[in-house]
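The structure under discussion appears below in the form of structure tokens.
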Amino acid sequence: EAASGYLLQAEERFFFPWGGIVVFLSGKARSTTRHFIDTHFYRNKYEYRSRWNSFTQRLSKADDLEELCSIILAETRETMWVQMASLWIKNEEEETFACLAFEGNDPLALTEVGSESTYVQVLGEEGSPILAKSLLERGEVEKEHKSILNDLSAHICAPLMFRDKMIGFIILGPNLFGESFGNEDNEMLTTLCSQAAMAIYRYQLAEKLVVAQGLESMNRLSSFIIHDLKNSVSMLSMVVQNSAANFHKPEFQKDATLTIASSVGKMKQIVERLSFPKIEDLELQCS
1 EAASGYLLQA
11 EERFFFPWGG
21 IVVFLSGKAR
31 STTRHFIDTH
41 FYRNKYEYRS
51 RWNSFTQRLS
61 KADDLEELCS
71 IILAETRETM
81 WVQMASLWIK
91 NEEEETFACL
101 AFEGNDPLAL
111 TEVGSESTYV
121 QVLGEEGSPI
131 LAKSLLERGE
141 VEKEHKSILN
151 DLSAHICAPL
161 MFRDKMIGFI
171 ILGPNLFGES
181 FGNEDNEMLT
191 TLCSQAAMAI
201 YRYQLAEKLV
211 VAQGLESMNR
221 LSSFIIHDLK
231 NSVSMLSMVV
241 QNSAANFHKP
251 EFQKDATLTI
261 ASSVGKMKQI
271 VERLSFPKIE
281 DLELQCS
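In the UniProt record's numbering, the protein residues as written are 1 to 287.
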């Protein structure tokens, strides 16, 4: 027991200084250290379970689509060991792809790309990551899009596929350590893109459902308003039609006044239902 105690103390004295050094390493040094450990001490290049758990947990914290895309891009960059990257999402109405997240790129290069562009179509047809070099070598790819890929220091282009449909794509720059893109990298990036595409699709679907529910509520409210307006117009029309012959009668004047007052009351209710709540009212409801 005494011998084991001495061994433990020796281990603590040996490991503590190195632990302190690791804690105080810079961000880039930490990345280099983690890359060295992952590459030389694990059977696989990537710790799939830990990366998957980290990716899933971070996705659940997104509050909007842009934040979701930023999380996806950050996780992809960290996993694939790249600095420069951008994520593009398809706008169904305009049939274009717009950049919603980028890192290390010149924003001037992040213009919208049409769905009909050659390299976008090639990405959709491939359905898996493809080297930017092979895209640049294609003669049919437009010069302006080749310029975009060059400006973004593109090394790999990966489509975001959901049910055989490309809803976006990711452009990654070169590896921080100058390593080539191998089969294991391709497998990991494909897995990340598949999970990312599913998360983006679900978020977009949820947004569409919210809009649809809002339109349904608006249609329901509109039907009630139209019904009330028709009743009020009908009552006022009867007063106007009968006023010429009966306006001199006190009973008619009394009934007409009551009818007009009732119609005005219903119209006020309609206006109140259409009015938006005041800011102070919203603050009271939230508190």
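All residues carry an ideal CB built from backbone N, CA and C; glycine is no exception.
Predicted model only: the values in this text are computed from it and were never measured.
Check, Outcome
"Contact the segment 117 to 128 vs the segment 203 to 211: 3+ CB pairs below 8 Å", "no"
"Same chain, Cβ closer than 8 Å to glutamate 95, five either side skipped, listed in chain order", "Gly114, Ser115 and Glu116"
"CA-to-CA distance, serine 243 to threonine 257, given in whole angstroms", "11 Å"
"Isoleucine 270 vs isoleucine 225 beta-carbon contact at 7 Å", "yes"
"Own chain, CB closer than 8 Å to leucine 149, minus 5 neighbours either side, in chain order", "Tyr119, Ala132, Leu135, Leu136, Cys157 and Ile171"
"Inter-stretch contact (C-beta, 8 Å, three-pair minimum) for the segment 173 to 183 and the segment 49 to 66", "no"
"Per-residue burial, methionine 84 [other beta carbons within 10 Å of its own, 16 or more giving buried]", "buried"
"Three-state secondary structure (DSSP) of methionine 84", "coil"
"Local conformation of proline 159 per DSSP, three classes", "strand"
"Close Cβ partners of glutamate 142 (< 7 Å) along its chain, the five nearest in sequence each way excluded", "Ser117 and Thr118"
"Contact set for serine 237: own chain, Cβ-Cβ below 6 Å, skip 5 residues either direction", "none"
"Residue range of the unbroken alpha helix (DSSP H) whose run includes alanine 98", "From DSSP, alanine 98 is part of no alpha helix (DSSP H) but of the beta strand (DSSP E) over 96 to 103."
"Rounded Cβ spacing between valine 239 and isoleucine 260 (contact assumed at less than 8 Å)", "7 Å"
"heavy atom of the ligand ADP below 6 Å from serine 54 C-beta", "Absence of the ligand ADP from the depicted structure is noted, as is the absence of any ligand whatsoever, leaving it without description."
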